[in-house]
Structures are given as C-alpha cells and as structure tokens.
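K.L.:
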Amino acid sequence: MGTPLLIVDGANVVGAVPDGWWRDRAGAALRLRDDLAPVAEAGLDDLPPPLEVVLVVEGAAGGIDTVPGVRVITAPGSGDDAVVEVVRTAGADRQCTVVTADRGLRERVGALGARVRGPQAIPRARPER
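Numbering (our numbering) for the sequence shown: 1 to 129.
Right, here's the structure in full:
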C-alpha cells in the first residue's frame with residue numbers, strides 16, 4: 001500500500017482560522033506549511049506515521065518552497081483541481097486523505113476513494129500577535 005498520503009487544501013484550511021490570513025496569504029500558507037512539517041513524522045489521530053504530506057496552494061499563496069516533510073504544489077489554476085489530480089495520480093492502491101471543508105471537493109475526492117477530514121484535523125500553532 002505504501003506510505004499514506006495526506007493532501008491539504010491550503011486555501012480552505014488557512015481560511016478556517018480567522019487570524020487575519022487575508023492580509024498576508026503567502027505568510028498564512030507558510031505558517032500552515034510549518035505546522036504540517038511535524039505531521040509527516042508524528043501522523044494524525046487515525047493516520048499513523050510516517051505520512052507523505054502534500055500542501056496545495058494557489059493564487060497569492062503560490063510559490064512557497066517545499067520543506068522536509070511537506071511537498072508544496074502551487075496550483076496553476078484551481079486549487080481544487082490540483083488536489084483532485086494529486087489523488088488521481090496516487091492511484092487506488094494508496095491510502096489518500098484530503099483535508100478540506102469544501103463540500104464539492106470532498107465529493108470529488110471521495111468519488112476517487114480518498115478519505116476526507118476537516119481543517120480541525122491539522123494541529124495549528126497560534127499566530128504571533
């Protein structure tokens with residue numbers, strides 16, 4: 001089966017925390033990426049480690065770098081389409097979990113066999129004030 005794949009809908013997860021992310025979308029995406037780095041080694045509640053973690057970003061949040069533990073994909077268009085493509089590319093024989101609250105995206109990846117979790121599944125550091 002291989003290493004489980006955790007795919008994070010960056011725009012949706014960032015938007016779930018009203019911390020002023022709209023003033024600095026790239027900074028918010030960087031914070032999320034950094035919050036995700038320990039998840040690759042620690043896993044999540046029902047996803048034991050190690051995990052391959054992919055963060056999909058789009059628009060003004062695009063262009064942030066991959067770091068150890070988190071591969072960052074900048075969507076060339078729709079972030080949702082990019083998430084679906086990651087799930088599709090992973091194939092049916094690999095466990096995929098997508099983190100998003102977007103109802104339409106949940107349905108699309110669910111139809112491909114991915115599991116879905118809400119944004120609260122990701123442990124987040126409190127923003128600096």
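All C-beta atoms in this analysis are idealised placements derived from N, C-alpha and C, irrespective of residue type, glycine included.
Every value quoted in this text rests on a predicted model; they were computed, and no experiment measured them.
Label E58 either buried or exposed according to how many other C-beta atoms from any shown protein chain fall within 10 Å of its C-beta, with 16 as the threshold for buried.
P.N.:
buried
K.L.:
List the DSSP bridge partners of V56.
P.N.:
V56 pairs with D9, I73.
K.L.:
Tell me whether R30 sits in a helix, a strand or coil according to DSSP, three-state version.
P.N.:
The question names Arg, but residue 30 is Leu in the sequence shown. It is helical.
K.L.:
With a threshold of 7 Å, establish whether the CB of L44 neighbours any heavy atom of the ligand SAM.
P.N.:
No copy of the ligand SAM appears in this structure; indeed no ligand is present at all.
K.L.:
With a 10 Å radius around its C-beta and 16 neighbouring C-beta atoms as the bar for buried, classify A92 as buried or exposed.
P.N.:
That one is exposed.
K.L.:
So, at 7 Å on beta carbons, what are the nonlocal neighbours of R117 in its own chain, with the 5 sequence-adjacent residues on each side left out?
P.N.:
T97, V99
K.L.:
Would you kindly report the start and end of the unbroken alpha helix (DSSP H) that includes R106?
P.N.:
103 to 111
K.L.:
For T3, which residues from the same chain have a beta carbon less than 7 Å from its beta carbon, with the 5 sequence-adjacent residues on both sides left out?
P.N.:
P50, L51, E52
K.L.:
Taking all protein chains shown into account, decide if D24 is buried (16 or more other Cβ within 10 angstroms of its Cβ) or exposed.
P.N.:
exposed
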